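K.L.:
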Amino acid sequence: MQIKGVVLGKVDWILYVIDHIMNKNSAVIERRIRPIYDYLDIGNAKRALQEVEKLIRKQPDFLCAKILKALSLIRSGRISEADDILKTLDDLDTDDEFALQALTYCFRDLGRPDRIVQFYERALKKQPQNEEFLSHVMMAHCRTGQYKLQNQFAMQLYKLKPNKHYYYFWSIMATVMQGYENPEKRHVFLSLAEKMAEKSFKENKMTAAPEVMLYSMILEMLGKHSEAIDLLTSDLNKNLSVNKLDLNAKLIDLYVESRQFDDVFKLCEKMLSENLDEWLAWNHLIESGLSIIQSNNDLKTSTIDHITQVILSNIEKTSKSEQPSRGPFLARLMFIQRLLAKDLIPRSELGEPSALMFEYLKLFGHKPCAFMDLRPYLDLVNDSGINTFLGSLKQITTLDVTKEDNNLPENIKALRIHTCCLNIAWSLGVYDKLNSDKKLNFVSYLIHCYLSGLKYGNNLPPNDLQYSDDYLLIAAHFVWEVYQEKGDSNLIITFLSILEFALGKSQANFKFKLILAKIYAYVGCVDCLQETLQKLQIKYIMHETLW
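In short: position in the sequence shown from 1, add 11, done, that's my numbering.
1) Would you tell me roughly how many angstroms separate the C-alpha atoms of G156 and S91, rounded to the nearest one?
2) Going by C-alpha distance, which of K524, Y266, I423, I326 is nearest N469?
3) So, at 6 Å on beta carbons, what are the nonlocal neighbours of D125 in its own chain, with the 5 sequence-adjacent residues on each side left out?
4) Which one of L385, M207, D273, H317 has the shortest CA to CA distance from Y178?
5) Suppose the cutoff is 7 Å on Cβ atoms and the five residues either side in sequence are ignored; what does the same chain contact list for P335 look like?
6) Nearest by alpha-carbon distance to E289: which of D273, L341, T244 is it?
7) Which runs of the alpha helix (DSSP H), 4 residues or longer, sit entirely within the region 44 to 104?
8) Whole angstroms is fine: what's the gap from R89's alpha carbon to T105's?
9) What's the gap between the Cα of D480 and the Cα of Y461?
10) Provide the residue span of the alpha helix (DSSP H) that contains I509, from first to last.
11) Using the C-alpha atoms, what's the distance from E333 back to H236?
12) Tell me, to the nearest whole angstrom, how far the beta carbon of T413 is from that of A436; I am working on the premise that it is less than 8 Å.
13) Spatial neighbours of K216 within its chain, please: C-beta separation below 6 Å, excluding the five flanking residues on both sides.
14) Report the rounded CA-to-CA distance for T186 versus K159, giving the unit in angstroms.
15) Label H162 either buried or exposed according to how many other C-beta atoms from any shown protein chain fall within 10 Å of its C-beta, with 16 as the threshold for buried.
16) Pull up the distance between the alpha-carbon of K196 and that of E238, whole angstroms please.
17) To the nearest whole angstrom, what separates the beta carbons of A486 and I458, a pair I think is in contact under 8 Å?
18) Which first and last residues belong to the alpha helix (DSSP H) in which C432 is found?
19) Mind checking G190: buried by the 16 CB within 10 Å criterion, or exposed?
20) Could you give the DSSP three-state label for Q129: helix, strand or coil?
21) I'd like to know whether the C-beta atoms of L242 and V267 end up nearer to each other than 8 Å.
22) Whole alpha helix (DSSP H) runs in the region 234 to 304 with 4 or more residues, listed along the chain?
23) DSSP three-state label for H176, please.
24) Counting Cβ pairs closer than 8 Å, one from the region 344 to 359 and one from the region 383 to 394, do we hit at least three?
25) Under the three-state reduction of DSSP, which class applies to M217: helix, strand or coil?
26) Leaving out five residues on either side along the sequence, give the residues of the same chain with a beta carbon under 6 Å from the beta carbon of L218.
27) Going by DSSP in three states, R123 sits in which element: helix, strand or coil?
28) Would you call the region 135 to 147 and the region 106 to 118 in contact, with 3 or more CB pairs under 8 Å?
29) Tell me whether K516 is buried or exposed, calling it buried when 16 or more other Cβ atoms sit within 10 Å of its Cβ.
30) Measuring CA to CA, which of R86, L433, E64, I85 is closest to A76?
31) Looking only at its chain, what residues have a beta carbon closer than 7 Å to the beta carbon of Y531, apart from the 5 residues adjacent to it on each side?
32) Report buried or exposed for N434, applying the criterion of at least 16 other Cβ atoms within 10 angstroms of its Cβ.
33) Run the CB neighbour count on I53, radius 10 Å, all protein chains shown included, and call it buried at 16 or more, exposed below.
34) Take I85 and list the residues in its own chain whose beta-carbon comes closer than 7 Å to its own, dropping the five residues that flank it on each side.
35) Excluding the 5 residues preceding and the 5 following D416 in the sequence, name in chain order all residues of the same chain whose CB lies nearer than 6 Å to its CB.
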């Protein structure tokens with residue numbers, strides 16, 4: 012007998028046929044369960060349950076389908092029903108990869124990774140050299156905090172597949188974690204992990220950036236900062252393409268712990284020469300300067316002058332660019348805020364921060380992030396300077412932000428600047444003194460601005476937010492305040508309908524959904540509350556983020 016010109020013996024022929032049948036069966040099974048997984052992946056657990064029940068009616072003994080039914084029930088929130096199915100499988104002894112994979116998803120979603128272990132350990136008795144089974148057991152032990160067992164299985168995998176060096180580093184990581192949970196033996200475990208990593212480094216077996224970062228972490232935990240710095244600045248990282256931002260962040264941490272602030276300055280300035288919006292560099296540049304001043308007050312003037320020069324030179328540089336960077340302007344505000352907080356310089360010597368915010372708004376007020384950028388620094392505006400600051404904003408927006416205006420934004424840029432200035436005025440407490448009637452008049456104006464701004468978003472994709480949504484968000488808070496004061500249910504019901512309309516225009520606006528949920532809960536509309544919470548899809552976000 013021969014296949015593609017290769018002559019096979021009788022035993023080889025039988026093995027070939029068995030392998031061919033098994034592969035064919037695997038393809039058939041995968042084709043049957045794929046639609047179920049597809050529905051689960053997009054969050055449609057109800058449709059997945061319908062599909063799996065159809066499959067069970069056709070094949071009542073199909074084990075994987077039974078487990079997928081439990082998974083669909085879990086994703087539907089019907090935990091008790093799913094648990095009843097899974098309890099019948101406690102004594103299951105199978106090496107069916109599809110069934111085991113489905114069980115893994117079930118117990119992962121239930122937060123019971125410990126139950127995964129027993130099924131894979133039984134499967135390993137049938138296939139002791141199965142790499143996938145071994146890796147699943149190893150990861151299950153990792154999730155349950157059984158780091159000694161994780162270490163054993165990681166080494167078993169490395170011996171099975173010595174070319175896959177990451178299994179060796181899983182063993183190192185497990186050793187490190189044993190040190191975490193055994194404080195008394197921490198140094199012993201960390202020293203062992205260091206020797207294992209050092210061996211790999213000397214043998215040139217480090218093949219991935221995370222392996223280098225793990226080695227540096229071990230050295231850092233042992234207090235060997237200089238060795239960790241030497242490792243991260245070696246030529247090895249160039250060959251492994253370590254993420255530059257991660258590398259610089261770790262180096263900065265090591266320099267700070269070693270109190271090598273001059274090196275922090277050099278590295279931060281190098282990072283800023285490549286990207287002026289690198290906030291990590293600005294933050295550490297300023298914090299390191301403050302640490303130098305704290306340790307030696309004689310260096311106060313020179314340190315402040317140096318940081319000021321770095322900030323101002325970069326502001327001058329980026330101001331000449333066609334696309335200026337926000338980083339230097341925000342760094343200037345943060346530096347002023349930190350100097351005042353530490354009482355290192357009199358406020359009178361710093362000028363008026365609101366003028367610096369005005370300068371920022373002239374350049375970046377049209378960006379969606381403008382308000383959130385300035386929000387941390389609004390406390391720099393004195394109560395006495397609020398009116399002056401708001402008056403200067405009229406030069407940017409041309410619209411009054413303290414009361415309703417007869418004019419409307421003329422384009423998207425003007426709209427964004429206007430909403431940014433409104434948010435600033437709101438955060439500064441400008442509207443707190445308005446009575447209920449004036450607030451409602453302002454709400455009417457904001458709704459008018461919102462409706463007028465919808466024309467700019469006619470061609471937006473369904474999942475994009477409307478440009479004018481912020482008007483309605485501000486209005487929502489005014490309406491809530493008036494409702495709390497007057498208790499007028501007609502007011503809140505009217506505004507609910509407006510919010511529902513707005514949600515139809517911006518289906519992905521989670522802020523609208525949260526406000527609606529709050530109001531529905533407050534007025535006791537349970538059905539509408541449940542529907543709104545389902546639209547938030549928090550359940551699926553939890554499934555994606557918890558594991």
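Don't be surprised by glycine CBs; every beta carbon is placed ideally from N, CA and C. As the structure is a prediction and not an experimental result, all values here were calculated from the model.
P.N.:
The relevant details are as follows:
1) The residue you call residue 156 lines up with position 145 of the sequence shown. The residue you call residue 91 lines up with position 80 of the sequence shown. Approximately 26 Å between the Cα atoms of the pair.
2) For this step, residue 469 is matched to residue 458 along the sequence shown. If we check each option's Cα against that of N469, I423 comes out closest.
3) By one-based count along the sequence shown, residue 125 stands at place 114. T155.
4) If you number the sequence shown from 1, residue 178 lands on position 167. Nearest of L385, M207, D273, H317 to Y178, Cα basis: M207.
5) Start at 1 with the first residue of the sequence shown, and residue 335 comes out as number 324. For P335, where only same-chain residues beyond five positions count, the Cβ hits under 7 Å are T329, L374.
6) Numbered from its first residue, the sequence shown carries residue 289 at position 278. Comparing Cα-Cα distances from E289 to each of D273, L341, T244, the minimum goes to L341.
7) 56 to 69, 74 to 86, 90 to 98
8) Here residue 89 is taken as the residue at index 78 of the sequence shown, counted from 1. Here residue 105 is taken as the residue at index 94 of the sequence shown, counted from 1. Approximately 26 Å between the Cα atoms of the pair.
9) Position 469 of the sequence shown, counted from the first residue, corresponds to residue 480. Position 450 of the sequence shown, counted from the first residue, corresponds to residue 461. Their backbone Cα atoms lie some 7 Å apart in a straight line.
10) Start at 1 with the first residue of the sequence shown, and residue 509 comes out as number 498. Counting along the chain, the alpha helix (DSSP H) containing I509 begins and ends at 500 to 516.
11) As a position in the sequence shown, residue 236 is number 225, starting the count at 1. As a position in the sequence shown, residue 333 is number 322, starting the count at 1. So the two alpha carbons sit approximately 42 Å from each other.
12) Residue mapping note: residue 413 aligns to position 402 of the sequence shown, counting from 1. Residue mapping note: residue 436 aligns to position 425 of the sequence shown, counting from 1. Right, their Cβ atoms sit about 6 Å apart.
13) Numbered from its first residue, the sequence shown carries residue 216 at position 205. Excluding residues within five positions, the ones whose Cβ falls inside 6 Å are H176.
14) For this step, residue 186 is matched to residue 175 along the sequence shown. For this step, residue 159 is matched to residue 148 along the sequence shown. So the alpha carbons of these two residues sit roughly 7 Å apart.
15) Within the sequence shown, residue 162 is the residue found at index 151, counting from 1. Just to set this straight, residue 162 is Asn in the shown sequence, not His. Buried, since its Cβ has 16 or more Cβ neighbours within 10 Å.
16) Mapped onto the sequence shown, residue 196 falls at position 185. Mapped onto the sequence shown, residue 238 falls at position 227. For K196 and E238, the distance between alpha carbons rounds to 22 Å.
17) Residue numbering aside, residue 486 sits at position 475 when the sequence shown is read from its first letter. Residue numbering aside, residue 458 sits at position 447 when the sequence shown is read from its first letter. The pair is a contact, with the Cβ atoms about 6 Å apart (cut-off 8 Å).
18) By 1-based counting over the sequence shown, the position of residue 432 is 421. Counting along the chain, the alpha helix (DSSP H) containing C432 begins and ends at 423 to 438.
19) Taking the sequence shown and counting its residues from 1, the one referred to as residue 190 is at position 179. Under this definition G190 is a buried residue.
20) To locate residue 129, count along the sequence shown from 1; it is residue 118. Helix.
21) For the purposes of this step, residue 242 is taken as the residue at position 231 of the sequence shown. For the purposes of this step, residue 267 is taken as the residue at position 256 of the sequence shown. Contact: no.
22) 236 to 243, 247 to 251, 255 to 268, 272 to 285
23) Numbered from its first residue, the sequence shown carries residue 176 at position 165. Here H176 sits in coil by DSSP.
24) yes
25) By one-based count along the sequence shown, residue 217 stands at place 206. Correct three-state label for M217: coil.
26) In the sequence shown, counting from the first residue as 1, residue 218 sits at position 207. According to the sequence provided, residue 218 is Thr. The question's Leu does not apply to it. Once the five neighbours on either side are set aside, the close Cβ partners of T218 are H176.
27) By one-based count along the sequence shown, residue 123 stands at place 112. DSSP places R123 in coil when its eight states are reduced to three.
28) yes
29) Here residue 516 corresponds to residue number 505 of the sequence shown, with the count starting at 1. Classification for K516: buried.
30) What you label residue 76 is simply residue 65 of the sequence shown in a count that begins at 1. Out of R86, L433, E64, I85, E64 has the C-alpha closest to the C-alpha of A76.
31) On the sequence shown, position 520 is the one that residue 531 refers to. Answer for Y531: C539, L540, T543, listed in chain order.
32) Translated into positions along the sequence shown, residue 434 becomes position 423. N434 should be labelled buried.
33) On the sequence shown, residue 53 is found 42 positions in, with the first residue counted as 1. By the neighbour-count rule (16 or more Cβ atoms within 10 Å), I53 is not buried but exposed.
34) By 1-based counting over the sequence shown, the position of residue 85 is 74. Only A93, C117, D120, L121 meet the Cβ criterion.
35) By 1-based counting over the sequence shown, the position of residue 416 is 405. Excluding residues within five positions, the ones whose Cβ falls inside 6 Å are L410.
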